[in-house]
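A.B. asks: Protein chains in written order, with the working numbering: chain A, 2 to 341; chain B, 2 to 341. Glycine residues also receive a C-beta, built at the ideal position from the N, C-alpha and C atoms.
1. Cβ of residue 228 (chain B) within 8 Å of Cβ of residue 255 (chain B)?
2. Determine the DSSP secondary structure at residue 21 (chain B), reduced to helix, strand or coil.
3. Please return the same chain residues whose Cβ sits closer than 8 Å to the Cβ of residue 186 (chain B), not counting the five positions on each side in sequence.
4. Per DSSP, what kind of secondary structure is residue 322 (chain B) in: helix, strand or coil?
5. Thinking C-beta only, is residue 289 (chain A) closer than 8 Å to residue 247 (chain A)?
6. Does the distance from the CB of residue 26 (chain A) to the CB of residue 99 (chain A) come in under 8 Å?
7. What is the C-beta distance between residue 328 (chain A) and residue 67 (chain A), in whole angstroms, given that I count them as a contact (C-beta under 8 Å)?
8. On the criterion of 16 or more Cβ atoms from any shown chain inside 10 Å, does residue 108 (chain B) qualify as buried, or is it exposed?
9. I'd like to know whether the C-beta of residue 78 (chain A) is nearer than 8 Å to at least one C-beta of chain B.
10. Could you spell out where the alpha helix (DSSP H) holding residue 33 (chain A) opens and where it closes?
11. Taking a Cβ distance cut-off of 9 Å, strictly less, list which residues of the stretch 107-120 of chain A are near chain B, in chain order.
12. By Cβ distance below 6 Å, which residues in the same chain neighbour residue 132 (chain A) in space, the five residues on each side in sequence not counted?
13. Could you check whether the Cβ of residue 123 (chain A) sits closer than 8 Å to any Cβ belonging to chain C?
14. Out of B:171, B:146, B:180, B:154, point me to the one whose CA is closest to residue 206 (chain B)'s CA.
15. Taking contact to mean at least 3 C-beta pairs separated by less than 8 Å, is the stretch 71-86 of chain A in contact with the stretch 31-47 of chain A?
16. Within its chain, find whatever has a CB closer than 7 Å to the CB of residue 190 (chain B); leave out the 5 residues flanking it on each side and keep chain order.
17. Whole angstroms are fine: how far does the CA of residue 202 (chain A) sit from the CA of residue 102 (chain B)?
18. Quick one, which of A:199, A:218, A:301, A:243 has its alpha-carbon nearest residue 73 (chain A)'s?
19. Taking DSSP's pairing of strands, which residues face residue 110 (chain B) in a bridge?
20. For residue 45 (chain B), which beta-bridge partners are listed by DSSP?
21. Are the C-beta atoms of residue 33 (chain B) and some chain A residue less than 8 Å apart?
22. Straight-line CA distance for residue 175 (chain A) to residue 19 (chain A)?
23. What does residue 152 (chain A) reach in chain B if we use C-beta pairs closer than 7 Å?
24. Hey, how far is the Cα of residue 9 (chain B) from the Cα of residue 33 (chain A)?
25. Go ahead and label residue 341 (chain A) buried or exposed: buried means 16 or more other beta carbons lie within 10 angstroms of its beta carbon, across all protein chains shown.
26. Report yes if the CB atom of residue 77 (chain B) is closer than 8 Å to the CB atom of residue 120 (chain B), and no otherwise.
27. For residue 231 (chain B), I'd like the list of residues in its chain whose CB is within less than 6 Å of its CB, leaving aside the five on either flank, ordered along the chain.
28. Expressed to the nearest angstrom, what Euclidean distance is found between the alpha-carbon atoms of residue 30 (chain A) and residue 156 (chain B)?
29. With DSSP run on the structure shown, which of helix, strand or coil describes residue 317 (chain A)?
30. Mind listing which residues of the stretch 78-105 of chain A have their C-beta closer than 7 Å to chain B's C-betas, in chain order?
31. State the start and end residues of the unbroken alpha helix (DSSP H) segment that holds residue 140 (chain B).
32. By Cβ distance below 7 Å, which residues in the same chain neighbour residue 239 (chain A) in space, the five residues on each side in sequence not counted?
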């Protein structure tokens, strides 16, 4: 089935509207919260003055607009979906930085380091509540259903992060467990982003599910790429120190694959992860080499290719309007070559 | 107008159902989250075994059930409202303890001290999402409207806590500013609790508003009483050290009233609050005496009486079924004599 699309719908124009709606909604939150949310998102300075920048890549709202447009959603529905997923993303980042003690975000000091952890947490709460409100107020008979999808996504996100936390205490994480964790931590919100506009539009279940599966695979490819960059990324581009994830003994995808590979190299890597003491400047490159020798990098690259191909397959099954489908495909194809 | 009540509706029976529904819903959350939520609420031990205890006073869900019953809500609606407000309350307490670094809650170690701050925060997120989901899934054509009321309440709560945080940096907080803060931090959720069942039942606006105003006044009386107990409460009953709020230089109601009273005693109290150094064992009782001499205690007691009377006035205007109205009145009347 080919979906008809309102000819006037222009995803780029709608996406500019999302950026405006995000700012308008944030400004209507209470003053302390607005200042922090605007700073975190990049369009306010620490002092609350307008800053150059804003939404960043805004992958999630871009997906919401494209997915919505593909499924026949109105501009208003696309905007509501875009704002909601961007808010949930910011909710999660603000809180992550507090939980992990990360002091930098998007090349600026993390919000909690500027405004304090309690204020950053309260801002994250307000954004989560506002995300659900924006959807409930969307002009669609499916607004309540879309909100339920969003809330379920928040719980999936929590589940993923809970699993990620539990990994810190374990050395026996399997690749399957890693993928289940990433499906929650990262892919759930990307999947929700791609399909939420379709839910609001009341699109047929096969369209909603197809877009959601596209998003799940895109999200997994995205997280796996992030994990590659966390070890072998260019520090100038990623804004993280070289080999950052190994220094923190993070159980990212290449490490999990390497630890599960068997053999002597895997045992040596395991020793580095088991020993709670500090790592020397020669330890960390040695760990990176071991991960490569155990084919942890290869496994991750192959897995990215697999999920990218799967995302494209999900799209092609949907027969979406050609131009939107092309943009969604381009997003998936660009993930493996991400550099930041 | 007198509201008819389904004769079969028994608030005590429904409230037992809320307790069961809270546990059933928590158990359906992901395992890590369930264990922490159940421990925090008191019905699981640290190891996840059944514990004696549970919901505690459960003031908020009791109000939700009574308010709902008074406004003609079905049992299912009362239960949904009760579970939702109890979850929002737990969300807020779990997060508060992390933000304030409080190590004890309900006479047990605070959840974050047992499970870690990140896990406690993730549990609070899951409870907030689940609260909105429970309402959206309620069997009522007004489910979406009730969810919007709940989400607005969450934002009011955040606003109140943001103001409370800002008070820490200020010595010029006025009693009016204090009351506006308490209206958000404490009264918003109690007001929502009292009126949410009526919203689900599609009760007339005057009933919803009357119950909400009853709740706002009850909530203010509740917070003001809490502030009295924070200085003059019995440590055995409150579980907090004697004069706890003065030791922490908290700007609670009696202190704000005292600081605003003018005169030499107020200036001396101000000096204690201005000086960032540690307080001696003679300083703290001196501060308590100064608060009394500045009529800070008197002002708070009078204000509690005022809001209690106002809560009762709101009720009497509604002509609710007599037995439910009597219970709601009893709750309001019991606040000024709270000892814990």
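C.D. replies: According to the data block:
1. Less than 8 Å divides the Cβ of residue 228 (chain B) from the Cβ of residue 255 (chain B).
2. DSSP places residue 21 (chain B) in helix when its eight states are reduced to three.
3. Answer for residue 186 (chain B): 158, 161, 162, 164, 165, 224, listed in chain order.
4. DSSP, reduced to helix, strand and coil, places residue 322 (chain B) outside both helices and strands of the structure shown, so it counts as coil.
5. Contact annotation: residue 247 (chain A) and residue 289 (chain A) have beta-carbon atoms nearer than 8 Å.
6. The Cβ atoms of residue 26 (chain A) and residue 99 (chain A) do not sit closer than 8 Å to each other.
7. At roughly 6 Å, the Cβ-Cβ gap stays under 8 Å, so residue 328 (chain A) and residue 67 (chain A) are in contact.
8. Its Cβ having fewer than 16 others within 10 Å, residue 108 (chain B) is exposed.
9. Chain B, which has no Cβ nearer than 8 Å to the Cβ of residue 78 (chain A), makes this no.
10. Per DSSP, residue 33 (chain A) belongs to the alpha helix (DSSP H) from 32-42.
11. Cβ contacts with chain B: 117, 118, 119, 120.
12. Contacts found: 85, 88, 89.
13. Considering every chain present, this structure includes no chain C. Its protein chains are A and B.
14. Comparing Cα-Cα distances from residue 206 (chain B) to each of B:171, B:146, B:180, B:154, the minimum goes to B:146.
15. The way I'd put it, the stretch 71-86 of chain A doesn't touch the stretch 31-47 of chain A; fewer than three beta-carbon pairs between them come closer than 8 Å.
16. Once the five neighbours on either side are set aside, the close Cβ partners of residue 190 (chain B) are 61, 86, 89, 90, 154, 158.
17. Residue 102 (chain B) and residue 202 (chain A) have their C-alpha atoms some 45 Å from each other.
18. With distances taken between Cα atoms, residue 73 (chain A) lies closest to A:199.
19. Beta-bridge analysis with DSSP links residue 110 (chain B) to B:105.
20. Looking at the DSSP assignment, residue 45 (chain B) forms a beta bridge with B:51.
21. True, the Cβ-Cβ gap to chain A drops below 8 Å.
22. One alpha carbon belongs to residue 175 (chain A), the other to residue 19 (chain A), and they sit about 39 Å apart.
23. Residues of chain B whose Cβ lies closer than 7 Å to the Cβ of residue 152 (chain A) are, in chain order, 130, 133, 134.
24. Low local confidence applies: a pLDDT of 48 at residue 9 (chain B) is under 50, so the model's placement there is unreliable, and no value is given.
25. Exposed.
26. No, the pair does not count as a contact, with Cβ atoms beyond the cut-off.
27. Answer for residue 231 (chain B): 245, 246, 253, listed in chain order.
28. Each residue's alpha carbon lies about 8 Å from the other.
29. Helix.
30. Under the 7 Å Cβ criterion, the stretch 78-105 of chain A contributes 96, 100.
31. Taken as a continuous stretch (DSSP letters only), residue 140 (chain B) belongs to no alpha helix (DSSP H), as it is neither H nor E.
32. The residues are 230, 341.
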